[in-house]
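Here the sequence shown is numbered in the numbering used here, starting from 7 and rising by one per residue. Glycine included, every Cβ here is placed at the ideal spot set by N, Cα and C. One structure below.
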Amino acid sequence: MINKCINIFSFIFYFVLIVSCKNENQKNQQINEGKYNITLLNDSIRLNEHLKAIAYIETPFFIDKNVRLIVYLENDENDPLKKDLSNERDIPFDLFISLDQDEYNQKWFKDYHFETSVVFGKKFSTPGEKTLRGYFLEYYGGNYDPKNDIVLEDGKMEKKYFEKTIYIKDTIN
């Protein structure tokens, strides 16, 4: 119950912060469409194996800024993020930080820009075609502490939703 309340509070905080950040100083920042990519290391995995993927920024939303990336991923396959995002406030998410702070995965992804690349994964307990949903959070300015929230002093953030399809093979086959 406490985790769900924390997740709901975090979402409300991010929503208010995003809305306020978009309106403030809009004319002083250069922005782009922002292009993000997700590479699945396998588009099909066996039941109870971990999906492994990397997300990275191809073209940043904020031009000429030192941007960073975070990935939020639905964490319960039995209570997934709906396509229309209507339950976004009601479900828990897993948070994955950029490679510059994820020292464990750096050795396998040396060719990626660490500040704008995020390694993430998920384990599924039922077979079949699955839709993976979440969002990218690109930001600049401020500091990030994974145990707390993003602290944006004079920075901005942009949120972009994604979905990917993956097939989970039954372990019997």
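Three-state class that DSSP yields for Tyr118 in the structure shown: coil
Contacting residues, own chain, Cβ-Cβ under 7 Å from Phe176 (five flanking each side not counted): Correcting the residue type first, residue 176 is Asp in the shown sequence and not Phe. Only Leu53 and Pro133 meet the Cβ criterion.
Closest by C-alpha distance to Ser123, when choosing among Glu135, Gln107 and Thr137: Gln107
Backbone CA spacing between Met163 and His119 [nearest angstrom]: 19 Å
Selection from Lys166, Leu143, Thr137 and Glu144 that minimises the alpha carbon distance to Leu46: Thr137
Alpha-carbon spacing of Lys165 relative to Leu75, whole angstroms: 10 Å
Inter-residue Cα distance where the pair is Asp49 and Val125: 15 Å
Backbone CA spacing between Glu83 and Glu169 [nearest angstrom]: 13 Å
Pairwise C-alpha distance: Phe130 and Ile174: 7 Å
Three-way DSSP call (helix, strand, coil) for Asn43 in this model: strand
Option in Gln112, Glu121 and Asn111 with minimal Cα separation from Lys187: The requested residue 187 is not part of the displayed model; the chain covers only 7 to 179.
Pair within 8 Å by beta-carbon distance, Gly148 and Tyr78: no
Thr171 burial status per 10 Å Cβ neighbour count (16 or more: buried): exposed
Residue nearest to Tyr167 in terms of C-alpha spacing, selected from Gly161, Ala61, Phe115 and Leu57: Ala61
Reference Ile51; option with closest CA among Leu101, Ser92, Glu135 and Tyr146: Glu135
Delimiting residues of the beta strand (DSSP E) encompassing Glu64: His56 to Thr65
For Glu94, the three-state DSSP class (helix, strand or coil): coil
Endpoints, the alpha helix (DSSP H) within which Glu109 is located: Glu109 to Gln112
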